[in-house]
Ligand code: SF4
Ligand code: SF4
Ligand code: FES
Ligand code: FES
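Below, the structure is given as structure tokens:
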């Protein structure tokens, strides 16, 4: 136990753990000590001097070592000659801290005056105006006028792009270093830095592309002035015009809590539109951070290409139709198909949508399937991480195994949280066929060849395996020993290089390892899937299962196919053959866009985006979290669960389709793990530290930035299924083939439908590429960054060749959702130069 | 590439530091690079970043922090006049402006012959012998203390002569 000490701050008694800084101790009892450079998530640096306080310590009699008492018997307090910085001074017993005296106020006034000597105070045109710590503290402490010469004010560049996402206004920067420290200390992407000193100091970037970090947007939240702004929001709106709605990021399984800021504006023709995405605090999920994909990727929801009306194929053409006609047609064909109905839904849907999909399908004895390339969601429901799990708590004594996942690209905030756990002393084991960024923090690195994922993890179960990686003295045996002996252990498995079969084997091997080492059924122990979509876990929980090879016959015999929030033919044109789409097969697509699959459909139904409706997602950690309607829905669209319910109604069965809360009640009543949950429970919050800006005045702004307080629910972690599974059978999985092997990898920014409509990200997404080892490239006569053509699965594609020493020889990495369909490892042929079309 | 051009120097520098603390080598490597072209080129920063396993931005920050490193080309000799408080009290500002006047340039500029660049810098720890300046060139760093405008111009003249003879 850490020792507690008691002190007095501005007359209030506080008891806090030894080592706490004044500034934090004061915040705990609601006293705001103004800061600029201090941030509760970072080490103090004491650079700005704004947090000055008067500190008194009990006088100690040197002879006796006892405190000196005054005439009333209270300890005599001696104040220092100078003021101290509250952000660097730790508390000690009996201290008396004064922050509200005239002396302190005068000092703070001087500091503000000093900072303002070079600050433009252009609040009326500054994006931060209205939620700006400097503005607020100038109002609170600043002098009415300055004694410095106005002509000596520095005039500096006001539009410096630090890359295309973040802009710097040099004049406004007060040199607090929060941004540089965040990039360095917190995320370890030191791609922005100070250049020069004193008044000439400026923030620079030398990375290519500029400010090359997927966490860059967070610096605009913690910058205490308007020096850093996002290209998305700058000059977009004044903060006080914005309404906030709580939501959940829909881009990856982390489930970051976010806030949508919306405004009704003339610029958008009087419509209410989303102006920006901000992090919403949830210390057990994303703290006060989000990644740039979450911040900038939402634009797909407002794309002009969205479907706005049902379409029915008439004389070979998709023609607009009324809902009534479309739903009537769908219902009659689904009823006719009966058990020949195959429903394909994806983890882009909410739990309510997926639940209704399954109800409708099973109502006619059809088959509901999950559209995914990853397996194991049944295992995570049994040996997943138990309630109470918090990456933020993990440190010494915990082993974290990350298998076949490039977390920086697949789930950035988990990358961050696991990196920090490793820095706190957790044993990080990274197993992958190629090096990933996370390895820098690993105590054990296991390198296998693509295809040997499951085998390698299985080897850890029996504590053997000599594989070592150059530069890393550890072997599989060392890693398994560390894993087995750890008090707590977590495995995150992803799909780097894996297709569905490989993923199935890997997830089973991981589950086995956890069971064998007794790392199940407890908080901070268990299995986490690094899924490709936000609600894949929820889809598994709602009973949807992927179309594994053994389910192929279901596909072929389908009489009607209901594809919801998925684009199988767009992702893989080759699938058309598998589906055996005959003219007689009735294809219904329910989506936001006219996808490749929708183009081939008989009926297309326009759904609502998650920003326009309510629902609940289940994150990879199995935390159920609610999102709320932020923007008005497109006219004549419906949420997915409601469309499904209406089809069901026309088929003569009753499904809940009015409000998602009612669907959720049914989920709670039928899905064991969700028992007892309700929308109201999901909306419950708890105390969070550090406290963030909140309320109209957002008082905590200068303490920790502009992240939003969590007022609408931190979500609920699902219990594990009551029957822990017996060791799983692991089918072994081996790759065949010689020559070059193509394997799919995930990159954060891709050409997927929920990313690409954000034009802002196009530069980061870039051209479709394939990565090769330089030796292979040489053999093939391929030069770096040249165009190559490749034959994959019988089809031809063009791509730009990236040469990368970290790619294993004999392997070509192909990014998912970038234009080359790839479902799993398969043979590829690569040729240099342009493809000649004959 | 720095390492290819000066393999021995680079190796010697790197060898002085433990392999897991390569970033410690950044300062001497920057000197090496600066000796080459009078300033640290972008390419050199990239080389050094790779050698020291740092980001280019971090290397650039170090160049920016220390007044002894440059990221832009300038005259062959850099005359760095201290204008910090103690020196200012002994007439550094006047010294600097006179010097510039005589050379026909402003602070920060380079003489047309490309020989001399004049800069104002912070304390050089020669406060008791102000006015003072240091010169920086491929020959290294030299202090010139207790200066008058005449003595300073003499120094510069000597460089000019040297230049002519060469
Ligand atoms: S840009 Fe903002 S966060 Fe960065 S140093 Fe300047 S004021 Fe601080
Ligand atoms: S880490 Fe994932 S959930 Fe969080 S903001 Fe990024 S994409 Fe969204
Ligand atoms: S010095 Fe304490 S907040 Fe900056
Ligand atoms: S002030 Fe000029 S050398 Fe110190």
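Protein chains in written order, with my numbering: chain A, 1273 to 2110; chain B, 148 to 313. Positions of the beta carbon are idealized from the N, C-alpha and C atoms, including for glycine.
Near chain A, meaning a CB-to-CB distance below 9 angstroms, the residues of the stretch 179-201 of chain B are 189, 192, 193, 196 and 201. Residue environment: residue 1427 of chain A is assigned as exposed (fewer than 16 neighbouring CB atoms within 10 Å of its CB, all protein chains considered).
Cβ-Cβ distances below 8 angstroms link residue 1571 of chain A to 2029, 2030, 2031 and 2032 in the same chain, with the five nearest sequence neighbours on each side left out; the list follows chain order.
For the pair residue 1293 of chain A and residue 1359 of chain A, the Cα-to-Cα distance works out to about 6 angstroms. For residue 1310 of chain A, the shortest C-beta to heavy atom distance toward ligand 3 is below 7 angstroms. If you check the C-beta of residue 231 of chain B against ligand 4, you find a heavy atom less than 7 angstroms away.
In terms of beta-carbon proximity, residue 1465 of chain A lines the interface with chain B, with at least one pair separated by less than 8 angstroms. Between ligand 1 and the CB of residue 1785 of chain A, the shortest heavy atom gap is not smaller than 7 angstroms. The beta carbon of residue 222 of chain B lies closer than 6 angstroms to those of 257, 261, 262, 263 and 264 in the same chain, with the five residues before and after it left out. Taken in chain order, the unbroken stretches of beta strand (DSSP E) that lie wholly in the stretch 1802-1855 of chain A and span 3 residues or more are 1832-1836. Short note on residue 1523 of chain A: C-beta closer than 7 angstroms to some heavy atom of ligand 2. The DSSP-derived three-state label of residue 266 of chain B is strand.
Ligand 2 never approaches residue 1905 of chain A closely enough for any of its heavy atoms to be under 7 angstroms from the residue's Cβ.
Distance from residue 1602 of chain A to residue 1919 of chain A at the Cβ level is roughly 5 angstroms; contact confirmed, criterion being Cβ atoms closer than 8 angstroms.
Note on geometry: alpha-carbon atoms of residue 1565 of chain A and residue 1332 of chain A lie some 56 angstroms from one another. At least 8 angstroms separates the beta-carbon of residue 1985 of chain A from that of residue 2013 of chain A.
Look at residue 1468 of chain A: its C-beta is under 8 angstroms from a C-beta on chain B.
Residue contact with chain B for residue 1717 of chain A: absent (no Cβ-Cβ distance below 8 angstroms to any residue of chain B).
Interface criterion not met: the Cβ of residue 1364 of chain A is under 8 angstroms from no Cβ in chain B. Taken through DSSP and simplified to helix, strand or coil, residue 1316 of chain A comes out as coil. Where residue 1347 of chain A is concerned, there is no enclosing alpha helix (DSSP H), because DSSP gives it neither an H nor an E.
In the displayed model, residue 158 of chain B falls within a helix according to three-state DSSP. Burial of residue 1299 of chain A is indicated by the presence of at least 16 other C-beta atoms within 10 angstroms of its C-beta.
Flagged as an interface residue toward chain A: residue 208 of chain B, by a C-beta distance shorter than 8 angstroms. Within 7 angstroms of the C-beta of residue 192 of chain B there is not a single heavy atom belonging to ligand 4. In the three-state reduction of the DSSP assignment, residue 1961 of chain A falls in the coil class. Residue 1713 of chain A sits in a helix when the DSSP states are folded into three classes. DSSP places residue 2101 of chain A in the strand class (E or B) of the three-state scheme. The DSSP-derived three-state label of residue 1539 of chain A is helix. Look at the beta carbons and you see the stretch 1632-1650 of chain A not touching the stretch 1976-1990 of chain A: under three pairs across the two are nearer than 8 angstroms. Here DSSP, grouped into helix, strand and coil, assigns residue 1393 of chain A to coil. Residue range 239-250 is occupied by the alpha helix (DSSP H) that includes residue 249 of chain B.
Residue 1804 of chain A is outside the set of residues whose beta carbon lies under 8 angstroms from a beta carbon in chain B. Checking the 7 angstroms criterion, the Cβ of residue 1550 of chain A is out of range of every heavy atom belonging to ligand 4. Between residue 295 of chain B and chain A, the shortest Cβ-Cβ separation is not below 8 angstroms. Interface criterion not met: the Cβ of residue 2097 of chain A is under 8 angstroms from no Cβ in chain B.
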